[in-house]
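For reference, the structure is listed below as C-alpha cells.
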Amino acid sequence: MSHPFVYLDYNATAPAKPEVAEAVARVMAEGGNPSSVHAHGRAAKALVENARAQVAALAGAEPKSVTFTGSGTEANNLVFTGAVKANKVERLLVSATEHDSVAKTAAATGMTVELIPVDHVGAVDQEALRDLLGGSDEKTLVCIMLANNETGRIQDIAALAQAAHEEGALFHCDAVQAAGKIPVDMAALDTDFLTLSAHKFGGPQGVGALLRRPSLDVSAMILGGGQELGRRSGTENLAGIVGMGLAAELALKDMGQMAVLAKWRDEMEQVMTAYAGEAVIICREVSRLPNTSLVALPGVRSETQVMTLDLAGFGVSAGSACSSGKVSTSHSLSAMGFSEDIAGSAVRVSLGWKTTHEDVTAFTEAWKNMRDRLSSKARSEVA
2 MSHPFVYLDY
12 NATAPAKPEV
22 AEAVARVMAE
32 GGNPSSVHAH
42 GRAAKALVEN
52 ARAQVAALAG
62 AEPKSVTFTG
72 SGTEANNLVF
82 TGAVKANKVE
92 RLLVSATEHD
102 SVAKTAAATG
112 MTVELIPVDH
122 VGAVDQEALR
132 DLLGGSDEKT
142 LVCIMLANNE
152 TGRIQDIAAL
162 AQAAHEEGAL
172 FHCDAVQAAG
182 KIPVDMAALD
192 TDFLTLSAHK
202 FGGPQGVGAL
212 LRRPSLDVSA
222 MILGGGQELG
232 RRSGTENLAG
242 IVGMGLAAEL
252 ALKDMGQMAV
262 LAKWRDEMEQ
272 VMTAYAGEAV
282 IICREVSRLP
292 NTSLVALPGV
302 RSETQVMTLD
312 LAGFGVSAGS
322 ACSSGKVSTS
332 HSLSAMGFSE
342 DIAGSAVRVS
352 LGWKTTHEDV
362 TAFTEAWKNM
372 RDRLSSKARS
382 EVA
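For the sequence shown, the residue numbers in my numbering are 2 to 384.
See the structure below:
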C-alpha cells in the first residue's frame, strides 16, 4: 500500500470534525453537571441548551422538541417505548427497508407489525400504505426513514406523512442517515417524531436525539433523576451533547460541499459502468443521498470485494455496520426485488467531509483493478 489509507465509509460513521474534537476535549477537561445549581452547573446547563438549539436548527424544529439520547439507535428505541406508550399506539407499520434499529425494535414490542412494501427502486408504495392504514381502527404509528443507509434512496416523507395523518396515524421518520447530507426540515416533512445521530454528520459517537412534535409526549425508557425533562434520565453526556450541537451547526454551514461530492460520485460511477458493463449502480436514476453509491459486481461476493479493497488501502462496506462484523444479504435489496447475485455482490462507497477528488480517482482505479482480478478468477472457477 503506497498511499495513505482512504476512508470511504462515511455512512457507517463520519470522523469527528477538528472543531468538534477540540470542543469535546475542552468540555471534558472543564467538567460540569448540568443538574447542579452552582455556577459551574449552570454553565454546563447553558451549554446543553445551546446545543439543543443547534440540533433543532439542523432539523428545522423547535429546541424544546429535542431529547438527547445515547445514540440514534436509542432514539429509535425510545420511539417504540416512550412514544408508543405515551400516545397509546396499538399497531405499527414499518417500511420494508428500515434500519435494524427500527425493524428489530418494532418486532420486539409484541405489537402487530406490518411491513410497507417498496418498489424496485426503493420507493415506499404509497397506495399500499393507504390500504394498510384504511384496514384498521387501531391507533397506528407509521415508521419510514428519510434516506436509506445502504442505497441512499430518499423517500417522499411529506407525502407519506400526509397519508398517515389523513387516517389518524402518527408518523416517525429516522433521519439518521440524511441529516447533514440533505436539508432536513421537520415542519416541512410533517413528521411527528424524528431521530438523529451525531456521528453521521461529523459529531462524536455515543450521542443522538429524538425530536417530537411539541404537542405529543414521550414516556421515559430510562428512569432515574428525571433529566431531559423526565424523558431520558441519567447525567447528560455534556461533552457529547456539545459536540453534537457544534457538528449540527457545521453541517448546516457546509451543506454546499455535498454538491461537490455528488459530482465526484457521479464521475466515479460513470467510469465504473463504462469499464465494467456488468456493474450495477443501485438507485442511480432516482433521488438519493449525494455522497452514496451502492455498486454491485455480479459474480464477486461483497465481502471479498471489501477485503480486497481494504488490502489495497480503501475502506468501504458491504452495507450496515453491525457488531458481528459479518456480512449478510441486504434485506433492503431483497425487499426491492434484487436477486442474490446482485444483493450479495453490492458494496457501498460513501464520501464525506475529508474526501478529496484524488481519493475518489484513486479508489476508482483500485476498483477497476479489483474487478479485473476477481472477475477473471470467478470465471476460471466456474470453468
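Glycine included, every Cβ here is placed at the ideal spot set by N, Cα and C.
Beta-carbon spacing of residue i, residue j below 8 Å
i, j, result
"Ala104", "Val95", "yes"
"Ile117", "Arg289", "no"
"Gly246", "Asn51", "yes"
"Gly241", "Val272", "no"
"Ala407", "Leu130", "Residue 407 cannot be examined here, being either before or after the span of the chain that is shown, 2 to 384."
"Ala221", "Arg232", "yes"
"Val28", "Leu59", "no"
"Thr357", "Leu9", "no"
"Ala40", "Val219", "no"
"Val67", "Gly203", "no"
"Ser335", "Glu151", "no"
"Val307", "Val261", "no"
"Arg92", "Lys46", "no"
"Leu142", "Leu171", "yes"
"Val25", "Pro299", "no"
"Glu268", "Ser294", "no"
"Leu217", "Asp193", "yes"
"Asn12", "Gln178", "yes"
Candidates the options, of which the one nearest residue i by Cα
i, options, result
"Gln228", "Met29, Leu9, Pro35", "Pro35"
"Leu211", "Val28, Pro205, Ala176", "Ala176"
"Pro19", "Trp354, Ala363, Asp373, Thr365", "Trp354"
"Val185", "Thr357, Met256, Gly169, Ala240", "Met256"
"Ala62", "Glu99, Ala189, Asn88, Phe81", "Ala189"
"Leu197", "Gly73, Phe315, Thr110", "Gly73"
"Val125", "Val287, Ala347, Phe364", "Val287"
"Val122", "Ala249, Thr98, Val301", "Thr98"
"His200", "Leu9, Thr14, Asp10, His4", "Thr14"
"Leu352", "Val361, Ser346, Ala108", "Val361"
"Ser234", "Thr70, Glu168, Thr152, Ser303", "Thr70"
"Met371", "Asp157, Arg302, Asp191, Ala30", "Arg302"
"Gly83", "Gly314, Trp368, Glu237, Ile223", "Ile223"
"His173", "Ser376, Phe81, Ser137, Glu270", "Phe81"
"Asp191", "Cys144, Gly153, Thr236, Leu230", "Cys144"
"Ile183", "Asp132, Ala54, Leu253", "Leu253"
"Asn120", "Val317, Met337, Arg266, Arg374", "A small correction: the amino acid at residue 120 is Asp; Asn does not occupy that position in the sequence shown. Measuring from the Cα of Asp120, the nearest candidate turns out to be Met337."
"Glu281", "Ile343, Val317, Lys264", "For the record, residue 281 in the displayed sequence is Val; it is not Glu. It is Ile343."
"Arg285", "Gly153, Thr113, Met146, Gly42", "Gly153"
"Asn238", "Val38, Arg53, Asn12", "Arg53"
"Leu161", "Gly136, Ala76, Asp132", "Asp132"
Exposed unless 16 or more other CB atoms sit within 10 angstroms - verdict on residue i
i, result
"Ser324", "The predicted model places Ser324 with a pLDDT of 40, which falls under 50 and marks its position as unreliable; any figure quoted below should be read in that light. Looking at its Cβ environment, which holds fewer than 16 other Cβ atoms inside 10 Å, Ser324 is exposed."
"Glu279", "exposed"
"Glu366", "exposed"
"Phe6", "exposed"
"Asn78", "buried"
"Val296", "buried"
"Pro291", "buried"
"Glu31", "exposed"
"His4", "exposed"
"Phe364", "buried"
"Ser340", "exposed"
"Gly111", "exposed"
"Gly181", "buried"
"Ser102", "buried"
"Glu128", "exposed"
"Gly345", "buried"
"Leu312", "exposed"
"Val383", "Model confidence at Val383 stands at a pLDDT of 45, short of 50, so the residue's coordinates are unreliable; what they give is reported in the following sentence. Exposed."
"Thr309", "buried"
"Val317", "buried"
"Val56", "buried"
"Glu167", "exposed"
Beta-bridge partners of residue i, as assigned by DSSP
i, result
"Glu115", "Leu94"
"Gly209", "Thr70, Ser198"
"His173", "Cys144, Phe194"
"Arg349", "Leu295, Ser318"
"Ile155", "Ala148"
"Ile183", "Ala180"
"Tyr11", "In DSSP, Tyr11 forms no bridge with anything."
"Val125", "Val119"
### Query
Mind pulling the alpha helix (DSSP H) runs of 4 or more residues that sit fully within the region 228-304?
239-254, 258-276
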